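Numbering (our numbering), first residue to last: 1 to 287.
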């Protein structure tokens, strides 16, 4: 998108933004930063009449929205390289032109729209159940001329049970401010194919939530890949290891009302048998 065709106005980033992105090894193409600023200006302007974000200060929004989204860029890049090496150049899942990411609870468009701006060869599907927010997302992608974004005004629970179009059809899923990790896992994991990943942007409670939902993550067919510390918080990464049972996700609203809080059970500590226990041969006595 040429700079001359950018929507006006656009917000310039604060001084620390570009160095922070450089520390993440992010290299912007010409016009990317301007488009990010145009998106942010559009979101903050729309926020005056729609409840999109509690953040109204532009400098704070650059950090808590745009930089927060950018923390996923190197992780997605690494994942794509690993998938490419695994499936080979001729297979669809590793082909960047057909790489597909689904973002749940897209709200004001973060992280998906900033990601779509800087990763143009990946297709993003944004899922937002609230009609007015979905309308804003469509307006934003039209204003920014983003051809690699689709908006669905729907619920993740329904998409996760849509075996024909959506279930286990995406290479990765992203989520931010979607709720407890147990909710994130139940809604995201069914949509990701085996070998794909879930990226959950979280804050300081990530480890606690992970402990509370540990067994549920395995039940859904995923496993913890890593927890990445970022300038804005943490990113919890799950890898899809096996098919998700058909019962999940549950009906609309149930994952939020009754999260799958299933802490990992501690393994029993094996106790050394006492001498003379049944079935245990005692050591030979010294002569």
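Beta carbons: idealized from backbone N, C-alpha and C, even for Gly.
All values derive from a computational prediction rather than experimental measurement.
Can you tell me the Cβ-Cβ gap for residue i and residue j, rounded? I've got them flagged as a contact below 8 angstroms.
i           : j           : result
residue 58  : residue 18  : Not quite, the Cβ-Cβ distance comes to about 15 angstroms (not below 8 angstroms), so this is no contact.
residue 237 : residue 181 : That belief does not hold up - the Cβ atoms of residue 237 and residue 181 are roughly 11 angstroms apart, past 8 angstroms.
residue 222 : residue 189 : 5 angstroms
residue 249 : residue 187 : 6 angstroms
residue 151 : residue 128 : 7 angstroms
residue 197 : residue 242 : So it is not a contact: roughly 14 angstroms between Cβ atoms.
residue 106 : residue 67  : That pair is no contact at about 18 angstroms.
residue 16  : residue 86  : Incorrect: roughly 37 angstroms between the Cβ atoms, too far for contact.
residue 161 : residue 167 : 7 angstroms
residue 118 : residue 199 : Wrong, their Cβ atoms sit about 15 angstroms apart, outside the cutoff.
residue 71  : residue 104 : Actually they are not in contact, since the Cβ atoms of residue 71 and residue 104 sit about 18 angstroms apart, beyond 8 angstroms.
Tell me the DSSP bridge mates of residue i?
i           : result
residue 292 : Here the chain comprises residues numbered 1 to 287, so residue 292 is not present and cannot be evaluated.
residue 317 : Residue 317 falls outside the range modelled here, since the chain spans only 1 to 287, and no answer is possible.
residue 150 : 125
residue 170 : 192
residue 229 : 234
residue 222 : 240
CB residue i to CB residue j, shorter than 7 angstroms?
i           : j           : result
residue 132 : residue 192 : no
residue 140 : residue 110 : no
residue 62  : residue 13  : yes
residue 176 : residue 201 : yes
residue 102 : residue 173 : yes
residue 20  : residue 231 : yes
residue 100 : residue 171 : yes
residue 259 : residue 214 : no
residue 247 : residue 220 : no
Are three or more beta carbon pairs between the region 69 to 83 and the region 42 to 56 nearer than 8 angstroms?
no
Any contact of the region 143 to 155 with the region 116 to 126, i.e. 3+ C-beta pairs under 8 angstroms?
yes
List in chain order: all unbroken beta strand (DSSP E) runs of 3+ residues lying wholly within the region 60 to 88.
none
Does the region 100 to 120 come into contact with the region 38 to 52, if we say contact requires no fewer than three beta-carbon pairs (one atom in each stretch) closer than 8 angstroms?
yes
Only counting runs of 4 or more residues, tell me where the alpha helix (DSSP H) segments fall wholly within the region 111 to 139, in order along the chain.
112 to 118
contact_flag[the region 251 to 260, the region 156 to 170] where n(CB pairs < 8 angstroms) is 3 or more:
With the cut-off at 8 angstroms, the region 251 to 260 and the region 156 to 170 touch.
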